[in-house]
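Student: Mind looking over this structure? Questions follow.
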Amino acid sequence: MTKVQDNPIKEAERYLENSRQILSEKAGKDGDYYDDPKYVRMAGRVAWQGVRAALDGLPEVKAKRGVRRQVRFEDYMEAVTQCDPKMSKPLFYTHETLQKVLIGDGNLSCGMVESGMNQAKEVIDWADKEYRKQHP
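So for the sequence shown, the working numbering puts the first residue at 19; every next one is plus one.
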């Protein structure tokens, strides 16, 4: 594994950067809207993978992971709420924006896409603080 892959937060930040790169290089932009829903969906999927990578570094999430079991969104919510109940709403709305609006609908509004990216960054930054508590 590389140093980035060893650190879930750096991995998450890499995913988010890749997501932004997909938008800037592939999605095309015309004023306040992207041109290609395929790439907006792809960027949303990559951003959500980044959020998951960050949360996977938390002990509360690791405890929920069984042998070859993918962590469900409900598991992430439970783990985050256990750590910090105030983060349950930001995580919920990050999931809603990335999964349902960007990935599901391929919403082309630049404002909506940017909101999803900012929400993802907020959750990753929070996970970074939690991760640093465990790995000083």
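Even for Gly, the Cβ is constructed at its ideal location relative to N, Cα and C.
Go to Glu-140, then tell me how far its alpha helix (DSSP H) extends in each direction, as first and last residue.
Tutor: First-last of the alpha helix (DSSP H) with Glu-140: 128-152.
Student: Going straight from the alpha carbon of Arg-83 to that of Ala-72, what length do you get?
Tutor: Those two C-alpha atoms are separated by around 14 Å.
Student: Return the chain-ordered list of same chain residues with a C-beta closer than 7 Å to the C-beta of Pro-55, the five sequence neighbours on each side being excluded.
Tutor: So the list reads Gly-124, Leu-126, once near-sequence residues are dropped.
Student: When you compare the segment 38-57 with the segment 72-81, are there three or more beta-carbon pairs, one atom per stretch, that lie closer than 8 Å?
Tutor: As far as the Cβ criterion goes, the segment 38-57 does not touch the segment 72-81, which means the pair count is below three.
Student: What first and last residue would you give for the alpha helix (DSSP H) that runs through Ala-30?
Tutor: Per DSSP, Ala-30 belongs to the alpha helix (DSSP H) from 26-43.
Student: Any idea what DSSP makes of Asp-123, helix, strand or coil?
Tutor: Reduced to three states, the DSSP call for Asp-123 is coil.
Student: Tell me which residues share the same chain as Met-60 and place their Cβ nearer than 6 Å to its Cβ, disregarding the 5 neighbours each side in the sequence.
Tutor: These residues qualify, in order along the chain: Ile-40.
Student: Only counting the same chain, and skipping five residues up and downstream in sequence, which positions put a Cβ closer than 8 Å to that of Ser-133?
Tutor: Here the set comprises Thr-115.
Student: Could you give the first and the last residue of the continuous alpha helix (DSSP H) run that contains Thr-115?
Tutor: Note, Thr-115: premise wrong, no alpha helix (DSSP H); not H, not E.
Student: Should His-113 go down as buried or exposed, given a rule of 16 or more other Cβ atoms within 10 Å for buried?
Tutor: With 16 or more Cβ atoms within 10 Å of its Cβ, His-113 is classed as buried.
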